[in-house]
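Input: a single structure, listed below in structure tokens.
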Amino acid sequence: MSISLFLISIIFLGFLSFFWGKRKALLLKNTESLHSLPRYYGYYSLAWFAAPSLLIIFLWLLFSESFVTNQVISLLPESIRALSPNEITLRMNDVKNLAAGNLIAGESFIGLEQAAANYNRITKLVQDVAIYSSLVLSLALFIFSYRSISGKLRARNKVEKIISNLLLASATVAIFATAGILLSVLFEAIRFFQIISFDDFLFGLTWSPQMAIREDQVGSSGLFGAIPLFAGTALISLISLTVAVPVGLMTAIYLSEYAPSKVRSYTKPMLEILSGIPTVVYGFFAAITLAPFIRDFGVTIGLDIASESALGVGLVMGIMIIPLVSSLSDDVISAVPQAMRDGSYGLGATKSETIKKVIIPAALPGIVGGILLAASRAIGETMIVVMAAGLSARLSFNPIDAVTTVTVQIVTLLVGDQEFDSPKTLAAFALGLTLFVVTLALNFYALKIVRKYREQYE
Amino acid sequence: MSNTLQETQDISEIVNRGLKKRYRSEFMFRFYGVVSILFAVVFLLVFFSSIISKGYSAFTQGELNMKIYLNEEVIDPDRLRDEEEIRYANFDKLVLDSLKTYFPEVSSRKERKELKSLVSSGTSLRLQSMVLNDYSLIGQEIDIWVRLDSDIDMYLKGNIDVSLDESQRRISDNQVRWVQELQEQNLISQNFNSTLFTAGDSREPELAGVLGALVGSFFMLIITFIVAFPLGVAAAIYLEEFAPKNRFIDFVEVNINNLAAVPSIIYGLLGLAVFINFFGMPRSAPLVGGLVLALMTFPVIIIASRAALQSVPPSITDAALGVGASKIQTVFDHVFPLALPGMLTGSIIGMARALGESAPLLMIGMVAFVVDVPTSPLDSSAALPVQVYLWADAPERGFVERTSAAILVLLFFLLLMNSTAIWLRNKFETKW
Amino acid sequence: MKKSISIFAAAILMLLLPLTASAAARDTIKIVGSSTVYPFATVVAERFGKSTKFNTPVIESTGSGGGLKLFCKGIGVEHPDITNASRRIKQKEIDNCAKAGVTDIIEIKIGYDGIVIANSKKADVLALTKRQIFLALAPEIPHPNGAKQLIKNPNVTWRDVDSSLPNIKIEVLGPPPTSGTRDAFAELAMEGGCKTFKWLKDIKKENKKRYKAICRSVREDGPYIEAGENDNLIVQKLNANPKALGVFGYSFLVENSDSIQGSFVDGVLPTFENIAQGDYKVSRPLYFYVKKAHIGTIPGMKEFLREFTADKTIGQDGYLTDKGLIPMPSGEYSQFRSAARKLSTLSGLN
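Chains as they are written, first to last, in the working numbering: chain A, 865 to 1322; chain B, 275 to 706; chain C, 2 to 351.
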């Protein structure tokens, strides 16, 4: 029986078990009173039917491959089994390619055909065992559950218990994900800090992560002082915020206080487009269109602007986060109670005076929270800086210089070179950890401010 | 009395004096608002016109109408019709011979090379596969449109300045002259570039396409959806409808908020450390990419689904509970169906974000050079945004327009997903 | 509604089907290694994939050193089959390979590549000597007064190095130590310049290690800027900054001949003829290394070798020469071609 046929029959039988369970309940209804609605008896049988199948399919997916491989290896001729384990995996690749009907390399060894046949045979055997055992087990458990259906059976409670446990399990995935992130980054970062001291990393002024990869190679002492990266990240984020905050804030104010509804209905989707453009596209635009433009502009006014200047990158990144600032500000501005506006108008203030003197001060904590969120977005942004910012870790606060950022360095350190025991690669994880902690702190703090602010007016 | 009147007049005078200034500042403030919006509008216009003006030309490709004699002496001199032998035949020679019929004066090695590089290096491979499909073509003259080399194509599209000195441009004076002669004979035309949608990556711009990347992205999105949607919706239902108020749930909530804010590149580090190094999954595979993107989209779907659940009015819940439904029945029979369109809308928007994401994919090796179109989520593959990144880095001039074209394709799919989401919202949205 | 949910669930299960059906065997060649060989290898791979029935090999650019390290990790499907290198394998690397069971390695030289020192066409062509390169980029240089002592390199502008050179800041964009280009640059250009000081050359006999440390190190105080493994990036940066020089392979000069120009080194320009005839001294061979154990197990290995070593590929008029590869003299070529056919392995460095 093929896998697809099996899956289809499982689905079909699953439906069947549901209907039989339900039918029995409906029949019972004539003679006794039921604890639950009939369909719950159906779900009850379905759960019994499906559980063993799912479990066996899961185990089969997990272990079938390695089990079959081991079996086939044990059947290989003595001469091949005597090879090193790695050699054997190569031979097995041959076997699997032949078994799967792929092209094989041509050269065969004695027993290859036999092994491929074995491979297919054992795979089939394991598959059959899995299929039939799950079918038998499922049917047996179905029959058991079917027989246990009676008016007194608390089917609904049982089914609901299963459902709520599944729901709870899904919610806890979030914890696993966070733990996974933290552990994977932390684990490698700790290995890094065993080689490079924490102080050198956090307070060093020179970033030059070159490590000789052979012992006889000369030069290249690695220096892992991350201050230039932090400074570059801060510079670019700062430029982007000086673009995004005024524009985003004024957009939000204009849209919520002045704009006729028609303008709003056109402007809002436009801002959504702005936030929907992939960052790689922004990066391309920054590198190909904006950076040369800024450079040429610099030449006309007699300024020597680097083609990877922080200015160009920051500008594009600023535009990218305008929608974020504007939508967050919009939220907090419209949360300011109308009574405060009315009070201000009543005293004769103009609209702009009301906004400047009443609404913005009242909304300030929320706006600051929004700006912090935008900042954390800017710090963690990768593609724009990878494509348009430089690699040279220069400690400079001049916006027309090329600087590099934490995310750029993570990408450069990890793309291609996959060596896992050199401080060079591990440095990427240390940078990742720093990035994670900083953005986490920013977000945590920002959300706290925003929440507090909301509670104030609710 | 007169005193107060005097004061009132004084005050109103002060007020009136200040009024002009106040109105001006009112006007200026309003003006700043308009300027801000215009700034965004102008950027969008510049942005799209820049991408479109760079990219539209990639949808056509210069082609040359050639008559090629499939010389049996070259292809299969021994008349064996053996596939292996034909594979190693010198099809380049056939192309060169055909070109030489137009320009018989070409003789030196340098000129031959220049002449040969008028047409794409893929031409001989195309002839090869034509012959392998149909041996009866051998010995015949065929009349086909072949793609021009990318540099020539760039010249035809006006991207190469021929007024510069020969050493400063990618095509030679000879090639310019030949192309002009061929143009006069009406043998060259710009045709629709179907390769862009039917081929995988290539080192030659004229042979490169986005299909491999599209398929890779498609596999990833499917995996993302299968993993993230059920999990996200279930988690949202639990947190919104069932979760007790305790510290554990608070902890879960904090985690979800954090996950939503973690920079995408960190998810790439997770994928590298956990999926590839720990579980030993293959590098560059859409499976791993899909899982990473699923983790990234998971919190987005939870947040969207919770908003959808919240928008279902409590009266529905109250009514269901009132007639004796259990909590689970209430949620699954009444609240969930009403919230589903909202959940799907939010999820599609989250998936659109995942489609445009490339930073985490760089971490898990999806930047390899992959020509073959993947057939399963375990094959090596690129993804659409990563293809944009790779092409943006390629040195050949022809890849600039193709990068923009790939961006247009990417934006088209994003638009498609977002408009599907909006359509869903409008169709199923219930106003309470 | 419920019906649509169950249809939806069924659809998801159907989509899962192909996942379970995919085989675990590897039938695609995996290649890692030098970013200088990468543009050649990708062209060969693409042609190979399109003209044969085998899959197109998957290539990642990891630098020569990184590639050899991955290559030497062991035998088996999870390890790469081929690594490209823009320098020859070192004895230490052979030993490392052997430790992991990678004993039979086939060495194929594919041709030569000049290392060019280039700048943007917007600036003037520079004429440098190896000695000047050494004086500009070494961390420590001999005292200008001729005393046999080393001082920390004080040169800031090219004028400081030699009064005949222009008065611009020394800014050289070059590859990191993982790169074979960097190794070759240090060995050919830096050491070549270092040797012109007789007393430094004499150190070699006494203390080889110290000699290497003096002659092959590159300064880390700013003028030499590491620009990553990606040679394209260096080219782009040169376009942007006409004052800077870049160090990379000749093939990248060919690909970008419309915007950048090579500098004279010891009076010779890096051109195809000059490199091929050996007049331009800063050139190095390019290699790729193949695990013999994988031939016969990963489909297409032998055919890929044949394609890569064919006359139409790396011969005098091979298609890789269009991409900037300098072909080997025909005697040397036929030697490596027959090595590839016979699959003869590396027995030791000679």
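Built from N, CA and C at the ideal position, the CB exists for glycine as well. In this text, all values refer to a predicted model and were calculated from it rather than measured experimentally.
* Asked: Taking three-plus beta-carbon pairs below 8 angstroms as touching, is the region 123–131 of chain C in contact with the region 51–58 of chain C?
  -> no
* Is there at least one Cβ from chain B nearer than 9 angstroms to Met956(A)'s Cβ? -> no
* Inter-residue Cα distance where the pair is Glu47(C) and Pro40(C) -> 11 angstroms
* Looking only at DSSP bridge pairs, what is Trp159(C) linked to? -> Answer is none; Trp159(C) lacks a bridge partner.
* Asked: Of all Cβ atoms in chain B, is any one closer than 9 angstroms to the Cβ of Ile1235(A)?
  -> no
* If you measure beta-carbon to beta-carbon, which residues of the region 918–935 of chain A are closer than 7 angstroms to chain B? -> none
* **Reduced DSSP category for Asn208(C) - H, G, I as helix; E, B as strand; rest coil** => Here Asn208(C) carries a coil assignment [DSSP, helix/strand/coil].
* **Three CB pairs or more closer than 8 angstroms across the region 572–580 of chain B and the region 660–668 of chain B** => no
* To do: Would you mind stating whether Val641(B) and Tyr663(B) have Cβ atoms separated by less than 9 angstroms?
  => yes
* To do: Indicate whether Ile1197(A) and Ile1235(A) have their beta-carbon atoms separated by less than 9 angstroms.
  => no
* Specify the secondary structure class of Ala24(C) as computed by DSSP and reduced to three states. => At Ala24(C) the pLDDT is 42, less than 50, meaning the model places this residue with poor confidence; the figure from the coordinates comes in the next sentence. Coil at Ala24(C), not helix or strand.
* Going by alpha carbons, who is nearest to Tyr907(A) out of Asn894(A), Leu954(A), Leu1017(A), Asp992(A)? -> Leu1017(A)
* Asked: Roughly how many whole angstroms lie between the Cα atoms of Asn168(C) and Lys244(C)?
  -> 10 angstroms
* To do: Look up Pro328(C) in the DSSP assignment and give the residues it is bridged to.
  => Answer by DSSP bridge pairing: none, since Pro328(C) is not bridged.
* Asked: Tell me, which residues are paired with Glu227(C) by DSSP?
  -> Gly175(C)
* Asked: Helix, strand or coil: how does DSSP classify Val660(B) here?
  -> helix
* Asked: Between which two residues does the beta strand (DSSP E) carrying Ser538(B) extend?
  -> Note, Ser538(B): premise wrong, no beta strand (DSSP E); alpha helix (DSSP H) at 538–544.
* Inter-stretch contact (C-beta, 8 angstroms, three-pair minimum) for the region 1243–1259 of chain A and the region 1132–1147 of chain A -> Cβ pair count under 8 angstroms is three or more, so yes.
* Asked: Measuring CB to CB, does Gly1162(A) end up less than 9 angstroms from Thr1106(A)?
  -> no
* Opening and closing residue of the beta strand (DSSP E) in which Ser121(C) lies -> 106–121
* Neighbour list for Gly639(B) in chain C, Cβ cutoff strictly below 8 angstroms -> Near Gly639(B) (Cβ distances below 8 angstroms), the residues of chain C are Glu61.
* Can you find a C-beta in chain A that's less than 9 angstroms from the C-beta of Lys202(C)? -> No, Lys202(C) does not count as interfacial toward chain A.
* Which two residues bound the contiguous alpha helix (DSSP H) that contains Gln449(B)? -> 447–458
* Tell whether a beta-carbon distance below 9 angstroms holds between Glu1052(A) and Leu1228(A). => Not a contact, by the Cβ cut-off of 9 angstroms.
* Sheet register partners of Leu338(B) (DSSP bridge) -> Val420(B), Ile462(B)
* Which runs of the alpha helix (DSSP H), 4 residues or longer, sit entirely within the region 236–303 of chain C? -> 251–256, 273–277
* **Contact set between the region 469–492 of chain B and chain C, restricted to residues whose Cβ is under 7 angstroms from the partner** => Ser476, Arg477
* Asked: Is Ser589(B) close to chain C, meaning its C-beta is less than 9 angstroms from at least one C-beta of that chain?
  -> no
* **Ile1141(A) in three-state terms, based on DSSP** => Collapsing the DSSP output to three states places Ile1141(A) in coil.
* Using three-state DSSP, classify Leu71(C) as helix, strand or coil. => helix
* In terms of alpha-carbon separation, which member of Arg627(B), Ile623(B), Val647(B), Gly639(B) lies closest to Ser693(B)? -> Ile623(B)
* Apart from the five residues on each side of it in sequence, which residues of its chain come closer than 7 angstroms, Cβ to Cβ, to Ile550(B)? -> Arg557, Val562, Ile638
* Take the Cβ of Met302(B) as the centre, count every other Cβ of all protein chains shown within 10 Å, and call the residue buried at 16 or more, exposed below. => exposed
* Should the region 302–319 of chain C be called in touch with the region 30–45 of chain C, which here means at least 3 C-beta pairs below 8 angstroms? -> yes
* What number of angstroms, rounded off, separates the C-alpha of Ile109(C) from the C-alpha of Ile116(C)? -> 20 angstroms
* To do: Determine the chain C residues that contact Ser395(B) at a beta-carbon separation under 9 angstroms, and present them in chain order.
  => Under the 9 angstroms cutoff, chain C gives Val44, Arg48, Tyr320, Asp323.
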